[in-house]
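For the sequence shown, this note's numbering begins at 34 and goes up steadily by one.
For glycine and all other residues, C-beta sits at the position ideal for the given N, C-alpha and C.
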Amino acid sequence: MFRSIIGRYGHCYGSSRLTGSAPRPTLCQTRSLANHPASFVDAKYPAHLEQHHLDHHQNDQRPPGYHRELAPLLSRFHAIGSMQSTVVSPGDHGDAQKEVPEGLEDEFFSILRDGQPDLVMNALLDPKFEVVVGSLPESTFVEAFRLLSPAYFTDPFRAIYRALHPSAVAVKGYPQLDRIFDKFACNLATIVSIRRSAGHRLGLAEYTHLLDCARSTGDALMADHVWHAMRQDKVIPDVHCYNHYMEAKVWDGAYTGREKYHLRVTPFAYRKRRFDEPNVGWKGYGTARRSVRKEIMRILTQMTEEGTSGDEGTYVNVILASSRVGYTATMKHVLKTVWNVDIDALAALEDSSSLPRPKKYHRSSPLYPSSRLLFAVAHAFGTNNDIPGAMRAVSFISLSYDIPVPEEVWQELLERSFVLSRPRFGKDARRNRKGKVPYEFLTALGQTMKSEPFDVQPTMEMYQLLAKTAWDQAKLPDFKQYMESAYAILEETRRKRRTARAIIENYLGPPQSEATASDFDPKLLQSRAFTVAVHTYDVLRMRTAQQTTIMERLAKLLLIHPRWVGRDNPVWERQLLPRVIEEWQDFLPESVLFQIRSGDVFVHGETYWGDRLLNTHRRIPVRRPTVDNGLVLDEDARELDDDFFWACYPADLRYMNIPAVERLFSGVPRRLANPVRRRAASEEAMAADAVDERAGAMPHAVEAEHPSQRPLGGSVGDEDIFDPTTNPLAVA
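Below, the structure is given as structure tokens:
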């Protein structure tokens, strides 16, 4: 499948033992690695060699039960560890029961029957239903609790935020991903506390769900607290519990902050992750004494001793944990032992027909591989600087077990190839160039993905990587093609968002600034249909914001490249550059700096790179017609951007105590204006000369704000407030 790409551009590289895991409470008994199942310990690589390359290796061992200082303060779910004292004993259970008010139970069960996750979450947290929640039968509570799925509350945003730097999220005024995770985990902790205070202990189903939530958010400390509480309640974990617990540790801190950019295994990364108090950007799973691989192997040993058989997910976690510390020997050993996939033989033999056949499993077998194994292989070998090995393994497993290669695996391969294609500098440049692939490798991979028999359409994130590769190669036609394809995806997302917004508008009616809260039906705004519509729209709103941000990045790259057509070719500055600015002006600030042969050109305007709003017309940014592209603006170009649209609704609606409405208007006032900035003295001097010579005598002139930097309607404290009565948004 990938052999033609590997044969042309790829090389076989070795691997290094370089990365690992973060400090956690040791909930499993500390056991020697010699006790691990023989199938997962390679005698040629003793455990102590995992950190042998550290010149200053310390021989002291971490005592059993070690945990982070102030660990409860660091966990999103620290309450679960302290709930044992709040549990009412079985003998007092009858005294803890309170009489349920008449009609309240019917209202609560009506919400449960609808099965809408947001409404169920709100009902379980509502103080008026606390007695009802405490009196629910176990089976009913389990069904309600499992509706609070991370697939609904966190997974969509985790995928969207993957391509966004935390600084970009902050600039655009959207909540950080870790805040979304925190809110979800704290809500779960509150519900568990309510349930426990009524005298109930959690069962296997509830603990499995909590571990699944910790897995989804990459919170190992939350998983530790849940696991500890489960052990105290004498609940015997099953294979799903073990798998969720392992995965939470393997992906600890890998989804949020700058940590998501530091997954590649290098000597520098290994050193940064080995410290007991790692720096910002290196928190989460650790290495050396904090090795995540050792933690996973201890859990696996306990799992085996308790007689629980592993499945595909178990061994996927072992592969990933080994990859975190650069322990490729274990990665290959697991693939060989469980599925008879010989990575070294794949690299040595050109003809796959002469390779040993993989083990046969019935499709119903828990060991039958799925796309989950494909992603693990792509990620594990990709982060260990072996993209050719990752592609060979993915191809072999996919063909052998008839598993289609999903989009997420292609994106992982492309992203890891992109990372390895980057030029390296500094004193560690030689070691950091390990596994380097040429730019042409990414282009060939993108072409393979789009061709038969795969027919996978690239995502916005993929086009961004391909465009950046074309930018590095100064290939203007390729860059423009990728950028235009990315814009087509943005247009499609906008169409979906527009449809979702229209559905909500049908409930609220058209914007009317003179309307009051009494003009809206509270029951309608708390209905299942309206809540589903808001959730669908909110995900699409965030997806649109992500894709718009990517288009702004691409527009900046297009503008700032100094050598698109060579060193002394005037075509760029006299023909192409003006058309670029005309075509993509909505994705550029009004103040831009670019280079021409005779010097630097700085265009002064009201907005700058780093501002929340790059344009001042309040409409959605669109690609503009030029003499070359043949575009014609349609009605969509006159559409108000979402935040300005919602700002036209009355403030009374925004402050109604209805969760779906609060979610709809969350952050809208903050995103209506750019933050106030102080203008540079040199810029003020230029403005003073151009406008009025007397401005130089005005002391306050230097501190004047840009018009666009002021809140559009005024300011209350530090919050930007938009007032539609003083800022009409009628579209001409």
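**Item:** Buried or exposed (CB count within 10 angstroms, at least 16 for buried), His126
**Value:** Since pLDDT at His126 reaches only 44, below the 50 mark, its modelled position is unreliable, and no value is offered.
**Message:** Going by beta-carbon coordinates alone, are Trp443 and Leu509 separated by less than 8 angstroms?
**Reply:** no
**Asked** What are the partner residues of Leu498, as DSSP defines its beta bridges?
**Response** In the DSSP output, where bridge partners are listed per residue, Leu498 has none listed.
**Request:** Mind reading off the beta-carbon distance from Val259 to Leu237? Whole number of angstroms is fine, and I expect it under 8 angstroms.
**Result:** Their Cβ separation, rounded to whole angstroms, is 12 angstroms, which puts Val259 and Leu237 out of contact at 8 angstroms.
**Asked** Around the Cβ of Gln769, are there at least 16 other Cβ atoms within 10 angstroms (buried) or fewer (exposed)?
**Response** Outside the shown range of the chain, which is 34 to 765, sits residue 769, and nothing can be said about it.
**Prompt:** Can you name the residues that DSSP bridges to Ile629?
**Reply:** Gly632
**Prompt:** Counting along the chain, where does the alpha helix (DSSP H) carrying Tyr194 start and finish?
**Reply:** Asp188 to Tyr194
**Request:** Let me know the secondary structure DSSP gives Leu673 once reduced to three states.
**Result:** DSSP places Leu673 in strand when its eight states are reduced to three.
**Prompt:** In angstroms, rounded to a whole number, what distance separates the CA positions of Ala287 and Pro439?
**Reply:** 21 angstroms
**Prompt:** If you drop the 5 nearest sequence neighbours on each side, which residues of the same chain put their C-beta closer than 8 angstroms to that of Leu557?
**Reply:** Tyr540 and Phe563
**Prompt:** Exposed or buried, what is Leu382 when buried is set at 16 or more other beta-carbons lying within 10 Å of its beta-carbon?
**Reply:** exposed
**Message:** Taking only three categories from DSSP, how would you classify Gly319?
**Reply:** strand
**Message:** In whole angstroms, give me the CA-to-CA distance for Ala566 and Trp679.
**Reply:** Cα to Cα, Ala566 sits roughly 15 angstroms from Trp679.
**Integer Cβ distance of Asp685 from Pro654, believed to fall under 8 angstroms** = Rounded, the Cβ-Cβ distance is 31 angstroms, inconsistent with contact.
**Asked** Which one of Ser398, Leu626, Met689 and Ile420 has the shortest CA to CA distance from Trp408?
**Response** The residue you asked about is not Trp; residue 408 is Phe in the sequence shown. Measuring from the Cα of Phe408, the nearest candidate turns out to be Ile420.
**Request:** Have a look at Glu668 and Ser397 and give me their C-alpha separation to the nearest angstrom.
**Result:** 52 angstroms
**Asked** From Gly317 to Asn602, what does the alpha carbon distance come to, in whole angstroms?
**Response** If you take the alpha carbons of Gly317 and Asn602, they lie about 50 angstroms apart.
**Message:** Among Ala503, Thr299 and Leu523, whose alpha-carbon lies nearest the alpha-carbon of Met493?
**Reply:** Leu523
**Prompt:** Using the beta-carbon count (16 or more within 10 Å), is Gln480 buried or exposed?
**Reply:** exposed
**Asked** Thinking C-alpha only, which one of Ala578, Trp642, Glu239 and Thr582 is nearest Val701?
**Response** Ala578
**Prompt:** Is Ser324 helix, strand or coil by DSSP?
**Reply:** strand
**Message:** Just to confirm before moving on: does the CB-CB distance between Ile224 and Leu158 stay below 8 angstroms?
**Reply:** yes
**Message:** Suppose the cutoff is 6 angstroms on Cβ atoms and the five residues either side in sequence are ignored; what does the same chain contact list for Ala201 look like?
**Reply:** Thr582
**Request:** Please classify Glu140: does DSSP put it in a helix, a strand, or coil?
**Result:** In this structure, Glu140 counts as helix in the three-state DSSP scheme.
**Whole-angstrom C-beta distance between Glu448 and Leu406, which should lie under 8 angstroms** = About 18 angstroms; that fails the 8 angstroms criterion.
**Message:** Can you list, in chain order, the residues of its chain with a C-beta nearer than 8 angstroms to that of His81? Leave out the 5 residues immediately preceding and following it.
**Reply:** Since pLDDT at His81 reaches only 40, below the 50 mark, its modelled position is unreliable, and no value is offered.
**Asked** When we look at the beta-carbon of Asn31 and count the other beta-carbons within 10 Å, is it buried (16 or more) or exposed?
**Response** Because the chain in this structure spans residues 34 to 765, residue 31 falls outside the shown range and cannot be described.
**Request:** Count the other C-beta atoms from every protein chain shown that fall within 10 angstroms of the C-beta of Tyr294, then say buried if there are 16 or more, exposed otherwise.
**Result:** Counting C-beta atoms within 10 angstroms of its own C-beta, Tyr294 has fewer than 16 neighbours from the protein chains shown and is therefore classed as exposed.
**Request:** Would you please state the rounded distance, in angstroms, between the beta carbons of Ala426 and Val410? I believe it to be under 8 angstroms.
**Result:** 5 angstroms
**Prompt:** For Ser118, which three-state DSSP category applies?
**Reply:** The predicted position of Ser118 is uncertain, since its pLDDT is 35 and thus under 50; a value taken from the coordinates is nonetheless stated next. It is helical.
**Request:** Please state whether DSSP places Arg652 in a helix, a strand or coil.
**Result:** strand
**Message:** With a threshold of 7 angstroms (Cβ to nearest heavy atom), would Phe487 be considered close to the ligand HEM?
**Reply:** For the structure depicted, the ligand HEM is absent and the ligand set is empty, with no information on it obtainable.
**Prompt:** Where does Ile436 sit, in a helix, a strand or coil, going by DSSP?
**Reply:** Three-state result, Ile436: coil.
**Asked** Do Pro658 and Leu666 come within 8 angstroms of each other at the CB atom, strictly closer than that value?
**Response** Yes; because the gap between Cβ atoms is below 8 angstroms, this pair is in contact.
**Distance, Thr370 Cα to Tyr360 Cα** = A direct Cα-Cα distance of roughly 16 angstroms separates Tyr360 from Thr370.
**Under 8 angstroms between C-beta atoms of Leu400 and Tyr394** = yes
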